[in-house]
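Using the working numbering, the first residue of the sequence shown is number 5, and each one after it goes up by one.
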Amino acid sequence: MRIHETRVHRKNYVPTENISDLASRFPELKTYRSCDLSPSSWVSVSWYPIYRIPVGPTLQNLDACFLTFHSLSTPPPQSSVGCSDTKPSMKLPLPTFGLASYKLKLSVWNQNRAQESHKLSSLQQAADKWLKRLQVDHPDYMFFTSNGHK
């Protein structure tokens with residue numbers, strides 16, 4: 005099953021509404037565990053600033069936005085085939101494997117600019133390769149990368 009949301013969500017998007025809708029149309033989704041998912045199952049999240057935390061004397065750097073890519077599948081345990089029958093965790097780590105940024109200034113992260121620049125570049129390349137491999141047109145990714153680091 006492939007689901008690719010292409011609508012632009014500007015305000016008050018509630019992902020659980022989409023999930024509930026999908027679960028009602030495809031009841032078998034409620035039985036899946038993360039290790040049942042394809043290794044190419046993923047989600048991307050757009051992060052936009054609302055306000056500065058902590059509140060500072062300036063709003064400089066407040067306009068940086070991010071698009072992060074996260075895997076939804078978990079590898080099966082090495083000692084067995086398929087999912088483990090141990091008690092399932094209610095927490096699923098979503099490590100970031102790809103990133104695109106818009107209006108990001110490296111000084112926002114820290115003073116080690118060379119290392120951070122390399123990390124950002126690696127994450128952006130990973131996102132680019134991922135989308136090309138899966139042949140996905142991702143409007144947010146295209147916007148972020150075409151407008152670059154301003």
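In this text, a Cβ means the ideal position worked out from N, Cα and C, and glycines have one as well.
N- and C-terminal bounds of the alpha helix (DSSP H) containing residue i
i      : result
Phe148 : 143 to 151
Leu124 : 117 to 138
Distance CB(residue i)-CB(residue j) smaller than 7 angstroms
i      : j      : result
Asp144 : Lys107 : no
Phe101 : Phe73  : yes
Leu26  : Trp46  : no
Leu127 : Leu98  : no
Thr78  : Ser38  : yes
Residue environment, residue i, which counts as buried when at least 16 other CB atoms sit within 10 Å
i      : result
Lys154 : Below a pLDDT of 50, predicted positions are generally treated as unreliable, and Lys154, at 45, falls in that range; no measurement from the model is reported.
Leu33  : exposed
Ser105 : buried
Ser48  : buried
Ala118 : exposed
Residues near residue i by beta carbon distance below 7 angstroms, same chain, minus five either side
i     : result
Ser44 : Leu138
Ile23 : none
Sequence-distant residues of the same chain with beta carbon closer than 6 angstroms to residue i, five excluded per side
i      : result
Ser50  : Leu71, Asp144
Thr149 : Ala104
Trp134 : Gly102
Ser84  : In this prediction, Ser84 has a pLDDT of 49, which is less than 50 and means its spatial position is unreliable; what the coordinates show is noted afterwards. Answer for Ser84: no residue qualifies.
Unbroken beta strand (DSSP E) run spanning residue i, endpoints
i      : result
Ser105 : 100 to 106
Leu71  : 69 to 75
Ser50  : 46 to 51
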